[in-house]
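In the numbering used here, the protein residues as written are 50 to 325.
Each remark here refers to the structure printed beneath this line.
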Ligand code: SF4
């Protein structure tokens, strides 16, 4: 039986499909839970995840109006404190414009729905929309990685499609007026800015459309395993797939592009969202 039409596609699950169709099948289609650590040492991996979650939460509280000094005083971890101080410096110029934080958008697409949760979006005085995304990686960020990521295509695409509903005051927005900025608290000087364009828009639409149509007609058992074995070292299903039992090292991960894994566990009744 093909994928249920209630399925919601995100940058994260589409990226999973591109990385390994079998992983998509196990994780989202068959909902196969399989206990395995995805990288080691476990404590380091857990610490990184926790730091990322805490940072996003504190930033959201700050952007929702809680004073920075109140939040500063609530942070014990010195790294997290340092990240938050840098964030406040970075975000200052954007706070003069209308913005949203942790903003969820869903929209129909190819008979399914697409979802994006924007860490930050703002409409600047020059009628430009900037999508901010915080990545708490502790490895030097590589532009190529972000250029290739599905999130870099999906978020501006959904922003453009829903521009009038998100920013009612926006005036004749062109695709070229949207940009995506990845900001790294551990590397505050290394913002990666990606400009959107009509070409990127057309490519995104085509790629998402063909990917979703391809997934929609697949039957269980027809999803191939990746041919790139390196990805298996960081995958929870490696023993199930007989692709090894040893988890990869946190520091050796070939792809440290942080995902929005939480999206796949979202309680859609509990989120504030804008739905079209
Ligand atoms: S272990 Fe490898 S082949 Fe199996 S789902 Fe994970 S990435 Fe795919």
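Just so it is clear, CB atoms sit at the ideal spot from N, CA and C, and this is done for glycine as well.
Where DSSP assigns a beta bridge to residue i, which residues make up the other side?
i: residue 165; result: 154
i: residue 183; result: 232
i: residue 265; result: Bridge partners of residue 265: none, in fact.
i: residue 172; result: 178
Are there 16 or more other CB atoms within 10 angstroms of the CB of residue i, so buried, or fewer, so exposed?
i: residue 74; result: buried
i: residue 248; result: exposed
i: residue 213; result: exposed
i: residue 82; result: exposed
i: residue 181; result: buried
i: residue 122; result: exposed
i: residue 224; result: buried
i: residue 55; result: exposed
i: residue 376; result: This structure cannot settle anything about residue 376, because the visible part of the chain is limited to 50 through 325.
i: residue 142; result: exposed
i: residue 116; result: exposed
i: residue 234; result: buried
i: residue 50; result: exposed
i: residue 188; result: exposed
i: residue 119; result: exposed
i: residue 46; result: Because the chain is modelled from 50 through 325, residue 46 falls outside the range shown and cannot be assessed.
i: residue 192; result: exposed
Can you tell me which of the three DSSP states residue i falls into?
i: residue 219; result: coil
i: residue 322; result: Low confidence applies to residue 322: its pLDDT is 40, below 50, so where it sits in the model is not reliable, and the reading given next is rough at best. It is a strand residue.
i: residue 149; result: strand
i: residue 251; result: helix
i: residue 117; result: helix
i: residue 229; result: strand
i: residue 133; result: helix
i: residue 243; result: strand
i: residue 194; result: helix
i: residue 58; result: strand
i: residue 303; result: Because the pLDDT of residue 303 is 46, which lies under 50, any placement of that residue in the model is unreliable, and the question is left without a value.
i: residue 124; result: coil
i: residue 144; result: helix
i: residue 80; result: coil
i: residue 107; result: helix
i: residue 102; result: helix
i: residue 279; result: helix
i: residue 213; result: helix
i: residue 112; result: helix
i: residue 237; result: coil
i: residue 65; result: helix
i: residue 51; result: coil
i: residue 274; result: coil
i: residue 292; result: coil
i: residue 159; result: coil
Residues whose Cβ lies closer than 6 Å to any heavy atom of ligand 1, in chain order | 69, 71, 72, 75, 274, 275, 280, 281, 284, 286, 287, 290 and 292
Using 8 Å as the Cβ pair cut-off and three pairs as the minimum, do the stretch 146 to 164 and the stretch 122 to 137 touch?
-> no
Does the pairing of the stretch 254 to 265 with the stretch 229 to 246 give three or more beta-carbon distances under 8 Å?
-> no
Between the stretch 136 to 150 and the stretch 173 to 182, do three or more beta carbon pairs fall short of 8 Å?
-> yes
Are at least three pairs of beta-carbons, each pair with one atom in the stretch 105 to 122 and one in the stretch 59 to 73, less than 8 Å apart?
-> no
Is the stretch 94 to 109 touching the stretch 192 to 212, taking contact as three or more C-beta pairs under 8 Å?
-> no
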